[in-house]
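Below you'll find the structure, written out as structure tokens, and then a few comments.
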Amino acid sequence: MNPSKKQVLILAGDGIGPEVSLVAKELLDLLDKKFSLDIRISEGLIGGIAYEETGDPLPKETLDKAKESDAILLGAVGGPLWDSLPSDKRPEKGLLGIRSEFNFFANLRPAILSKELVSASSLKENKVNDLDLLIVRELTGGIYFGEPRGKIQSSEEAFNTMRYSKEEVVRIGRVAFEAARKRNNKLCSVDKANVLEVSSFWREIISDLSEEYPDVKLSHQLVDNAAMQLVREPKQFDVIVTENLFGDILSDIAAILTGSIGMLPSASLNDTKKGLYEPVHGSAPDIAGKNLANPLASILSVAMMMRYTFEREDVALIIENSVESVLSSGKRTKDIAEKDDLIIGTKEMGQEVLSQIDSML
Ligand code: IPM
Ligand code: MN
């Protein structure tokens with residue numbers, strides 16, 4: 329990676345993806361100017377829109393652009409228009425393809441409750457105030473990618489395979505232990521070891537690895553219990569590490585604890601500094617094009633990009649603090665609004681955060 333030039337590829341995708349990505353693009357332009365970051369932005373197609381225009385949810389041209397980029401910012405993919413397509417043409421295949429092509433195996437999904445949004449949470453205030461947990465989801469293995477898989481029309485059967493190699497578990501385990509070290513030194517590994525061989529294998533490997541991290545307190549939970557514990561006593565968790573599908577499910581639960589899935593960013597990293605940054609939310613076709621979507625997850629994904637790919641913790645913090653101060657002014661998009669709040673749209677929320685950043689410097 330050229331240390332000065334920063335190539336960012338924006339893949340806006342479907343549904344609300346283009347609206348929230350436009351806000352992120354304006355943010356990147358502003359950061360570029362303010363901090364002389366030398367960011368170059370390119371754009372590409374992914375998901376349903378890519379299928380419409382090229383017949384492929386992940387066209388080669390997009391992959392080529394992604395290869396040239398240091399960081400990729402994704403909006404969202406999917407929608408009812410493409411629900412009946414065969415699985416290799418579905419918009420989701422584009423996203424899964426890019427994760428796997430660049431080995432973005434470590435998906436970091438922080439669930440942090442903004443002080444300003446305590447009452448928007450689905451849980452009582454004392455259960456969630458100061459909530460700050462991190463889900464480390466394995467993203468390029470497990471049941472999402474395991475072979476064999478398929479549908480056998482003749483025998484009216486279908487199957488998938490949850491499988492992990494030792495190497496895959498060790499590398500995601502290391503990311504999680506390291507993350508816990510930078511936080512409160514607590515790691516909970518989530519599996520289904522009472523039923524699945526792949527999970528008891530996962531548990532053994534994580535337990536062995538913990539010998540290298542004696543300062544991190546490791547615990548194990550079964551995934552059904554972990555789902556319950558997340559809504560019962562979420563503050564017991566610091567870092568959670570888990571398999572791809574379990575992480576998909578648990579991260580939606582963690583998201584709603586923070587008030588709205590529209591708030592949560594994510595980073596998907598490989599062994600280099602390259603990363604794919606995307607909101608945890610989906611394409612929300614019901615509100616697409618109506619200026620209703622919450623752009624904060626996309627904005628906070630740019631903060632994660634600054635932190636992990638470009639190693640600009642200072643810029644990441646400025647973005648995060650600006651979001652917090654806009655929220656404290658009582659301005660809200662509809663998904664996080666309560667009765668006394670001033671409801672504003674996607675563009676306006678973007679403008680608020682941008683002017684806040686502008687005024688801080
Ligand atoms: C997510 C999404 C994706 C996933 C879909 C869109 C393929 O739900 O990022 O959580 O299942 O990983
Ligand atoms: Mn999901």
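If you're matching positions, the sequence shown starts at 329 in our numbering and goes up one per residue. Here a beta-carbon is modelled for each residue, glycine too, at the ideal position from N, C-alpha and C. All values reported here derive from a predicted model rather than from experimental measurement.
*Does the count of Cβ pairs from the region 511 to 527 and the region 542 to 550 closer than 8 Å reach three?*
yes
_For residue 581, which residues in the same chain have their Cβ closer than 8 Å to its Cβ, ignoring the five residues on either side in sequence?_
Taking the sequence shown and counting its residues from 1, one reaches residue 581 at position 253. 555, 558 and 559, listed in sequence order.
*List the endpoints of the continuous beta strand (DSSP E) containing residue 570.*
In the sequence shown, the residue the question calls residue 570 occupies position 242. Segment 567 to 570, the beta strand (DSSP E) holding residue 570.
*Let me know the alpha helix (DSSP H) ranges lying completely inside the region 369 to 445, each 4 residues or longer, listed in chain order.*
376 to 382, 388 to 396 and 419 to 429
_Residue from 576, 587 and 357 whose Cα sits closest to the Cα of residue 666_ = Looking up residue 666 in the sequence shown gives position 338. It is 587.
*With hydrogens ignored, establish whether the beta-carbon of residue 357 is closer than 6 Å to any heavy atom of the ligand MN.*
For the purposes of this step, residue 357 is taken as the residue at position 29 of the sequence shown. No.
_Segment limits, alpha helix (DSSP H) that includes residue 501_ = Walking along the sequence shown from the start, residue 501 turns up at place 173. 494 to 510 is the extent of the alpha helix (DSSP H) around residue 501.
*Is there at least one non-hydrogen atom of the ligand IPM closer than 6 Å to the beta-carbon of residue 571?*
In the sequence shown, the residue the question calls residue 571 occupies position 243. Not so, every heavy atom of the ligand IPM lies at least 6 Å from the Cβ.
_Buried/exposed call for residue 537, threshold 16 Cβ in 10 Å_ = In the sequence shown, counting from the first residue as 1, residue 537 sits at position 209. It is buried - the Cβ of residue 537 has at least 16 other Cβ atoms within 10 Å.
*Status (buried if at least 16 other CB within 10 Å, exposed otherwise) for residue 607*: To locate residue 607, count along the sequence shown from 1; it is residue 279. Buried, by the Cβ-count rule.
*asked:* To the nearest angstrom, how far is the alpha carbon of residue 637 from that of residue 509?
replied: One-based indexing of the sequence shown puts residue 637 at position 309. One-based indexing of the sequence shown puts residue 509 at position 181. About 20 Å.
*7 Å CB neighbourhood of residue 662 in its chain, flanking five on each side removed*: Taking the sequence shown and counting its residues from 1, the one referred to as residue 662 is at position 334. Only 620 and 671 meet the Cβ criterion.
*Give a yes or no on whether the C-beta atoms belonging to residue 593 and residue 633 are separated by under 7 Å.*
Counted from its first residue, the sequence shown places residue 593 at position 265. Counted from its first residue, the sequence shown places residue 633 at position 305. For residue 593 and residue 633, no; Cβs fall outside 7 Å.
*asked:* Our contact map puts residue 568 next to residue 518 with C-beta atoms below 8 Å; I'd like the distance itself, whole angstroms only.
replied: As a first step, residue 568 must be located in the sequence shown, where it is residue number 240. As a first step, residue 518 must be located in the sequence shown, where it is residue number 190. Contact flag correct, Cβ pair sits at about 6 Å.
*Nonlocal neighbours in the same chain, by C-beta distance under 7 Å from residue 418, ignoring five residues either side*: Locating residue 418 in the sequence shown gives position 90, counting from the first residue. Excluding sequence neighbours, residue 418 sits near 385 and 410.
_DSSP three-state assignment for residue 338, whether helix, strand or coil_ = For the purposes of this step, residue 338 is taken as the residue at position 10 of the sequence shown. Strand at residue 338.
*Report yes if the C-beta distance between residue 369 and residue 604 is below 7 Å; otherwise report no.*
Taking the first residue of the sequence shown as 1, we reach residue 369 at position 41. Taking the first residue of the sequence shown as 1, we reach residue 604 at position 276. It is not a contact, given that the beta carbons lie outside the stated cut-off.
*Check the DSSP bridge columns for residue 485 and list the partner residues they point to.*
Residue 485 sits at position 157 when you count from the first residue of the sequence shown. Beta-bridge pairing links residue 485 to 480.
*Do residue 384 and the ligand MN come close, with the Cβ less than 6 Å from some heavy atom?*
By one-based count along the sequence shown, residue 384 stands at place 56. No - the ligand MN has no heavy atom lying nearer than 6 Å to the Cβ of residue 384.
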